[in-house]
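Just so you know, we're using full-length UniProt numbering here: the sequence shown kicks off at 1 and counts up by one.
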Amino acid sequence: MPERFLPDPSRRAFTVGTAGHVDHGKSTLVKALTGIDPDRLAEEKARAMTIDLGFAWLALPSGRDVSVVDVPGHERFIKNMLAGVGGIDAALLIVAADEGPMPQTREHLAILDLLRVERGIVVLTKRDTVDVDWLDLVSEETREAVTGTVLADAPMVAVSAQTGEGLRELRGALDAILDEAATAERPTARGPRLPVDRVFSVSGFGTVATGTLLGGELTVGQELRVYPDGRPVRVRGLQSHGAKVERARPGARTAVNLSGVAVEDLRRGDVLAPPGALVASRRLDARLRLLAGSPVTLEQNAAVDLFVGATELPARLTLLDRTELKPGDEGWVQIRFREPIAVLRGDRFIVRRPSPSETIGGGEIVDPGPVRHRRFRPEVVGALETLAAGAPDELLLQAVEAEPRERRVVHAGALATLSDAELGAIIEQLVAEGDLRVLGPAGRRDGEVRPNDYLLASPGWERLGSRMVAAVEGFHAAQPLRRGIPKEALRSRLGLAPARLFDDALATASDEGMVVDDGQSVRLPSFAIELGPERRATADRYLAAIAGAPYSPPAPDLFGLDDETLGALVDRGEVVRVAEGVVYDPKAYAALERETVALIDRDGTVTLAGFRDHFGTSRKYAQATLEHLDARRVTRRVGDQRVRGPAAEQITPRPRTPVSGDGDSGAGVPSPGQAAR
């Protein structure tokens with residue numbers, strides 16, 4: 001076992017993965033390079049075959065420290081291999097010199113090609129078992145196998161793990177290709193991500209998750225989320241290359257000791273990332289390439305197994321631009337899942353057919369949280385083309401060009417793969433230029449943009465605003481005697497879900513004077529209820545009657561007042577309806593509120609009988625009115641009595657509270673005693 005060393009925090013970390021056919025010497029080579037046996041399972045040692053992922057590390061001649069992921073070669077364990085190659089900087093394609101390329105060599109090579117692992121070394125192992133002529137023959141066959149793939153120009157090194165021949169050259173070749181990787185930009189936009197490929201528990205420490213750290217640094221004490229479910233966790237401790245560290249670097253194999261989650265609640269395929277960094281979705285938009293050697297043609301709704309990072313999920317494909325995808329073809333697809341998944345734009349993936357299990361293709365995710373698309377729509381394909389090639393501001397606008405639905409700031413960030421600071425700056429610029437809208441109340445929109453704020457491109461907002469105005473206008477035409485369209489009815493007509501999205505869109509439209517939000521309903525600013533001469537005459541007779549009997553007003557039906565006209569009077573504020581058949585003049589109701597609060601202030605409580613007797617009304621009216629006051633929180637029921645409610649503080653009692661009918665009960669309204677006579 002090599003001496004454990006602290007990774008140099010000033011230098012970039014790298015991870016190298018092995019690939020190749022079973023029994024071609026991958027694990028033996030890793031042990032020869034690093035001094036670490038990557039086969040950690042008893043079954044692996046008994047069978048002399050890697051079943052799951054193995055891990056090791058080494059220091060190269062340059063001083064660069066490198067993590068090594070050893071993957072299984074047997075076809076039955078391809079899914080474990082796929083969990084290990086996500087996020088690697090370079091690959092060692094292992095080919096045994098005594099056998100040459102074999103079926104799993106070719107499948108692993110196809111996977112590296114589909115994942116665009118563009119740096120690698122072809123390593124011919126077991127050099128000591130063959131002569132020069134045979135080695136030349138295998139070298140030529142292997143070079144032919146990698147032609148046309150990402151490893152077409154990769155260096156080739158022959159080694160023997162038994163004699164040590166070629167190991168120095170291999171370390172030097174690794175240094176050379178990692179020099180190239182060191183100059184390549186590693187995405188850091190959305191902060192750190194750790195796709196979990198192994199979970200276990202350590203006595204005295206608890207849950208530990210391991211993976212290749214992507215995108216940014218992790219620190220002890222950092223708050224994270226477990227995606228896709230969003231469970232909060234905290235980093236208790238970190239290890240890299242067998243040593244405790246306070247800070248883990250992107251590119252390094254990292255073990256994270258977590259608090260806040262039990263080992264049974266974490267699994268391979270989960271992703272650790274900061275709050276708001278990822279979006280869980282049951283759909284992905286992607287560009288899919290079917291291997292030329294694929295044994296199947298994919299049709300609409302084809303079932304596949306998808307592998308991305310360390311995640312494996314069954315999925316269905318919606319072919320967006322064609323009726324079928326033939327071997328060697330590429331096309332736009334929407335990938336649908338039963339379970340949520342959390343990825344970023346630009347993540348590469350592999351698809352395999354479920355049975356018999358075989359790698360058939362792969363591609364790149366262009367939208368990690370799309371809306372559902374219809375097939376054969378040129379505008380959908382055009383939008384995906386833009387997403388695949390656009391600049392960050394173009395990506396952001398494209399992300400919110402349609403109606404917002406689930407397009408919150410966090411979705412836009414995941415789509416454009418921008419940091420929070422970069423995203424905020426672009427949003428601010430696009431809003432200032434009039435290209436983008438942040439939905440919500442003006443007070444919130446004038447402040448800092450929040451991850452859950454909804455975004456919409458200005459043309460999309462104009463379309464949505466026009467639809468909202470048209471819906472309200474249509475309601476006014478159909479229901480001229482109603483104050484406005486109920487909010488829930490408007491939300492349903494606009495098809496905006498969830499409710500928060502509708503609320504934010506309505507607040508924006510109201511702030512801009514497009515509509516008026518009356519609390520329960522929405523109307524146009526110019527709208528006013530007009531009763532017409534006949535209805536107006538009936539209404540005036542009724543209004544005069546209830547004004548003359550303020551605390552025992554007659555029922556509307558006694559005057560032939562229909563429900564539409566009464567509803568219009570309520571909406572216009574000309575009456576207060578507290579229950580079926582119980583309708584007050586607004587001034588009388590206001591005086592009744594003040595008098596009730598004054599009674600409570602004087603006596604401490606008021607009963608139904610006391611209220612009835614004080615106002616000289618019936619039990620029916622007293623009960624309906626007190627229940628209405630309870631609902632408005634002016635009063636609060638305690639047993640058979642009423643006390644002050646929270647809203648009573650907004651009621652101003654008269655300076656002098658007459659209870660015998662000798663005082664003024666409000667302008668134009670007789671006192672209860674006068675009304676009772």
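Just so it is clear, CB atoms sit at the ideal spot from N, CA and C, and this is done for glycine as well.
Secondary structure at G440: coil, using DSSP grouped into helix, strand and coil.
Here K31 carries a helix assignment [DSSP, helix/strand/coil].
Per DSSP, D65 is one residue of the beta strand (DSSP E) stretching across 65-70. Residue pairing by DSSP places W57 opposite S67 in a beta bridge.
One thing to note: Y584 has its Cβ no nearer than 8 Å to the Cβ of V597. For R234, the enclosing beta strand (DSSP E) stretches over residues 231-240.
Straight through space, the alpha carbons of V261 and A97 are spaced by roughly 47 Å.
Between L490 and V522, the gap from beta carbon to beta carbon is short of 8 Å. By DSSP's assignment, W332 forms a beta bridge with R287.
Counting along the chain, D131 sits inside no beta strand (DSSP E), nor does DSSP assign it H or E at all. Taking C-beta separations shorter than 7 Å and ignoring five residues to either side along the sequence, the partners of S240 in its chain run P7, A248, A252, R253, T254, following chain order. By the beta-carbon neighbour count (other beta carbons within 10 angstroms, threshold 16), E574 is buried. According to DSSP, Q641 shares a beta bridge with T607, V638. In chain order, L194, V196, R198, V199, A255, V256, L258, L266, D270, L272 place their CB closer than 8 Å to the CB of A209, counting only its own chain and leaving out the 5 sequence neighbours on each side. DSSP places F527 in the coil class of the three-state scheme, outside both helix and strand.
Boundaries for D518: no beta strand (DSSP E) harbours it, and the DSSP string shows neither H nor E there.
Sequence-distant Cβ neighbours of A152 in its own chain, meaning closer than 8 Å and more than five residues away, are V146. Distance from the CA atom of A389 to the CA atom of G369, rounded to whole angstroms, is 17 Å.
By the Cβ neighbour-count rule, R642 is buried, with 16 or more other Cβ atoms within 10 Å of its own. About 15 Å separates the beta carbons of D367 and R348, which is beyond the 8 Å limit, so they are not a contact pair.
Inter-residue distance for F615 and T635 is about 16 Å (C-alpha atoms, whole angstroms). In this structure, V333 is the residue among V333, R353, R541, L430 with its C-alpha nearest to the C-alpha of A383.
The segment 554-570 makes no contact with the segment 612-626; the number of CB pairs closer than 8 Å stays below 3. Counting every other CB atom within 10 Å of its CB across the protein chains shown gives S357 a total below 16, marking it as exposed. Annotated three-state conformation of E264 is helix, per DSSP.
In this structure, the beta-carbon distance from E330 to L288 falls below 8 Å. Annotation note: the segment 555-583 contains the following uninterrupted alpha helix (DSSP H) runs of length 4 or greater, listed N- to C-terminal: 563-571. Boundaries of the beta strand (DSSP E) harbouring E358: 358-367, taken from the DSSP string. C-alpha of L60 to C-alpha of L387: approximately 39 Å in a straight line. By the criterion of a C-beta distance shorter than 6 Å, Q300 is surrounded in its chain by L319, once the five residues flanking it on both sides are discounted.
Ranked by Cα distance from I529, the first of T538, D571, A505, D518 is D571. Ranked by Cα distance from S27, the first of L298, G581, A56, A622 is A56. Sequence-distant partners of Y589 (beyond 5 residues in either direction) whose C-beta falls short of 6 Å from its own C-beta, in its chain, are V576. Nearest Cα to L592 within the set E580, G604, A549: A549. Boundaries of the beta strand (DSSP E) harbouring D305: 303-308, taken from the DSSP string. Linking R236 to V30 through their CA atoms gives a straight-line distance of about 30 Å.
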